[in-house]
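In the numbering used here, the protein residues as written are 615 to 1427.
(1) What is the residue span of the beta strand (DSSP E) that residue 760 lies within?
(2) Assuming the contact rule is C-beta atoms closer than 8 angstroms, residue 986 and residue 753 should be a hit. Round their C-beta distance to whole Å, please.
(3) Whole angstroms is fine: what's the gap from residue 1299's alpha carbon to residue 1269's?
(4) Can you name, in chain order, every residue of its own chain whose Cβ lies under 7 angstroms from the Cβ of residue 807, other than the five neighbours on each side?
(5) What residues match up with residue 862 in a beta bridge as DSSP calls it?
(6) Closer than 8 angstroms, CB to CB, is residue 989 near chain B or not?
(7) Looking at the structure shown, is residue 766 part of a helix, part of a strand, or coil, going by DSSP?
(8) Tell me which residues share the same chain as residue 1424 and place their Cβ nearer than 7 angstroms to its Cβ, disregarding the 5 neighbours each side in the sequence.
(9) Excluding the 5 residues flanking residue 896 on each side, which residues of the same chain have their C-beta closer than 6 angstroms to its C-beta?
(10) Put residue 793 into one of helix, strand or coil per three-state DSSP.
(11) Mapping the DSSP letters down to three states, classify residue 601 as helix, strand or coil.
(12) On the premise that residue 771 lies in contact with residue 1435, defined as a C-beta separation below 8 angstroms, what is that separation, rounded to the nearest angstrom?
(13) Specify the secondary structure class of residue 1069 as computed by DSSP and reduced to three states.
(14) Return the residue from the list 993, 1194, 733 and 1015 that minimises the CA-CA distance to residue 899.
(15) With DSSP as the reference, label residue 1151 as helix, strand or coil.
(16) Leaving aside the five residues before and after residue 1179 along the sequence, list all residues of the same chain whose C-beta is less than 8 angstroms from its C-beta, in chain order.
(17) Just to confirm my understanding: we take residue 1165, look at its own chain, exclude 5 residues before and 5 after, and list those with CB closer than 6 angstroms. What are they?
(18) Residue 1003 lies in the alpha helix (DSSP H); which residues open and close that run?
(19) Are the beta-carbon atoms of residue 560 and residue 838 separated by less than 8 angstroms?
(20) Tell me whether the beta-carbon of residue 1256 lies closer than 8 angstroms to the beta-carbon of residue 729.
(21) Am I right that residue 1052 and residue 1013 are in contact with their C-beta atoms under 8 angstroms? What's the rounded C-beta distance?
(22) If contacts are defined as beta-carbon pairs under 8 angstroms, then residue 1029 and residue 1071 qualify, I think. What distance do you get, rounded to the angstrom?
(23) Would you identify the three-state DSSP class for residue 917, choosing helix, strand or coil?
(24) May I ask you to report which of helix, strand or coil DSSP gives residue 1194?
(25) By Cβ distance below 8 angstroms, which residues in the same chain neighbour residue 1026 in space, the five residues on each side in sequence not counted?
(26) When the Cα atoms are used, what is the spatial distance from residue 714 to residue 703?
(27) Rounded to the nearest angstrom, what separates residue 1003 and residue 980 at their Cα positions?
(28) Taking all protein chains shown into account, do 16 or more other C-beta atoms lie within 10 angstroms of the C-beta of residue 816, making it buried, or fewer, making it exposed?
(29) As a quick exercise: from 976, 767, 936 and 952, pick the residue whose alpha carbon is nearest that of residue 958.
(30) So residue 1044 packs on residue 1068, CB below 8 angstroms; how close in whole Å?
(31) Tell me, to the nearest whole angstrom, how far the beta carbon of residue 1114 is from that of residue 1085; I am working on the premise that it is less than 8 angstroms.
(32) Which residues mark the beginning and the end of the alpha helix (DSSP H) in which residue 1014 is found?
(33) Taking C-alpha atoms, which residue in 997, 988, 1037 and 887 lies nearest to residue 1022?
(34) Using CA atoms only, rank isn't needed, just tell me which of 940, 857 and 947 is closest to residue 921.
(35) Classify residue 1114 as helix, strand or coil using the three-state DSSP reduction.
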């Protein structure tokens, strides 16, 4: 509050009223408009300020708590950065560079992972569906004859798109009219006329090459310039002109009542919406098969005779009529507008629908409409509902979306996006009640990811909280007391942590706790980790606690799991490397020295490309086998994705895993072709065989180009033929590939069998393993050259030297 005091100005002898601030919330205001000079001094001397009242403690603590919470939120990332900075403070430059390389490789892999998670087949647009309708001629009702060629077309589409055909078809009503056209414009060929009709269906002009523009202008003057395709389809939807069908939404009992169409007798009215059979059959295979079945049964012929539209009756128990306008709007205009859902109190919704609607949220409506779109085979509706679900996805409704996505009628694409949100917001979810609503399957999927955005300490703490919560619920469910809220009831007194069994908690978290990477918990002396180890929940302590550290668990090795791509750690490590001002040349030298030491010296670890095929039980796993054309298209798409900048950047990094990169690319291809994820294994087998054939073709062509005479050929390698390589002998140039002779395999009967093939050893064996042979013998490399007159000596393993004349040049065995 404010106190107004009177102050005498000595210069002018006037009184001035000024405002002074009082310290305290309860100070009263004293206003002095005018004071006489006689009693001014007495009033000023005797005037005492009002007593000040202290502020309440609640307000002060509340303000302090807000400041601390704000400071904690602002410094959360800083704390994580400080932890990783303290952990790597004693590291050498080579270790920091290697850790940064691991993070960069994971960041590049994450980009491919996100692209694979977002992949789905694009829904066909109304332009594509109408173009297919023009090609397949479904539900045609008019025949146009031009220069002896018949063009079956649809009256509604041509009448809405072109004034010329509107006037022409108006003079020839009825189904199956046959109209011969004579155009005033000269020089119009059949191909040009067909391209003109396709333009009316699709809005895109794609005629034969070299069409005269002057001819197109004359055709535009004769036929008129149509509006946009979307504008004309909207006109058909809103007006219902030229409608030859009607969607009827009613229940089974109402459909059999002849008087249920009116509400005068107390029955619920039916909803009938006019539509067009051509557009329905073009957009939905469900409606197309339904219309074709009615045509074969003869019902459509009766409707034509009576001049009534085809009634397509939909059961409200399967497809509620409140979604009718949303479905038609998506069919005609390719947009899913959830605001078109009929609200309670409208003229078409009864009391039962209103009660059902009041219990439905916008998220539940989108989920229900998604299932309707899948039932009607309307991909545009299903994908529009998926987008609506993701737009309304929050941390609060995340468990609901996750459970719905795992169900059989749910969306796998929505499930992937929801799990992506769980990984990105796990730090916030771990400190909220949403954590307790997560199912174990979703928690395991999140902890299995290398891209989980949370520190390992927070992950461990979240797992323990989740397990203790579910253990308490399990103990409450098996409470033997049937009388609740009594003194000895669990629900009455609650369960303390000391009452919980660590062995039962360990059993509950047996599938979850091993996914926590305890080697990367910071700080290393965390009380939470040590307590979990004492309780027996973490079976294997981190290496720094047992005094055994043969390798750094943060760096690339096969003994420990790799660190997660936690963004605060990644950014801080990058800043530390920049602070050290290590040049690019020095980094390359450090990395080279690090990676040369990691080169394996075992032959089976050299080549990462798989040389065997995965045995997939297609029947047991219900994996659809793609046809030849689909598999060819997927292989071409995979090759194209490998040339993308993101894939090339990932492959260029030194610590990138080609196996993981290939898996993400194949998952993206399989999902773009609307196939389940296990088909990626089939694609891997096909891709491996495809690359192997390409390598063999290239090697064969190179050998043919560098082919020399038979006298210059080396002794060929004798080796049991693998199942995936053909037994082909090719000529090679001198000194290109070392060849050796190995003993043949013994078979039943005492004979030997061996496949004489040439293998590009430089692709399978590193140069460091190509040691020269010692003493000459049956397994030594024969480097002597033979002349044309000499015979080739063969060792079949029976102790006898066999000879045979050399084959003629350019002959393959």
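For every residue, glycine included, the Cβ atom is placed at its ideal position computed from N, Cα and C.
Everything numeric in this text was worked out from a predicted model, so none of it was measured.
Quick answer:
(1) 756-760
(2) That pair is no contact at about 23 angstroms.
(3) 25 angstroms
(4) 760
(5) 886 and 927
(6) Among the chains in the structure shown there is no chain B, since it carries only a single protein chain.
(7) strand
(8) Residue placement at residue 1424 cannot be trusted, given a pLDDT of 44 that sits under 50; the coordinates are not used to answer.
(9) 743, 744 and 747
(10) strand
(11) Outside the displayed range of the chain (615 to 1427) lies residue 601, so it cannot be described from this structure.
(12) Residue 1435 is absent from the structure shown; the chain starts at 615 and stops at 1427.
(13) coil
(14) 993
(15) coil
(16) 717, 720, 721, 724, 1064 and 1065
(17) 1171 and 1173
(18) 993-1005
(19) With the chain running from 615 to 1427 in the structure shown, residue 560 is simply not present.
(20) no
(21) 6 angstroms
(22) So it is not a contact: roughly 28 angstroms between Cβ atoms.
(23) helix
(24) coil
(25) 1019
(26) 14 angstroms
(27) 6 angstroms
(28) buried
(29) 936
(30) 6 angstroms
(31) 6 angstroms
(32) 1012-1020
(33) 988
(34) 857
(35) coil
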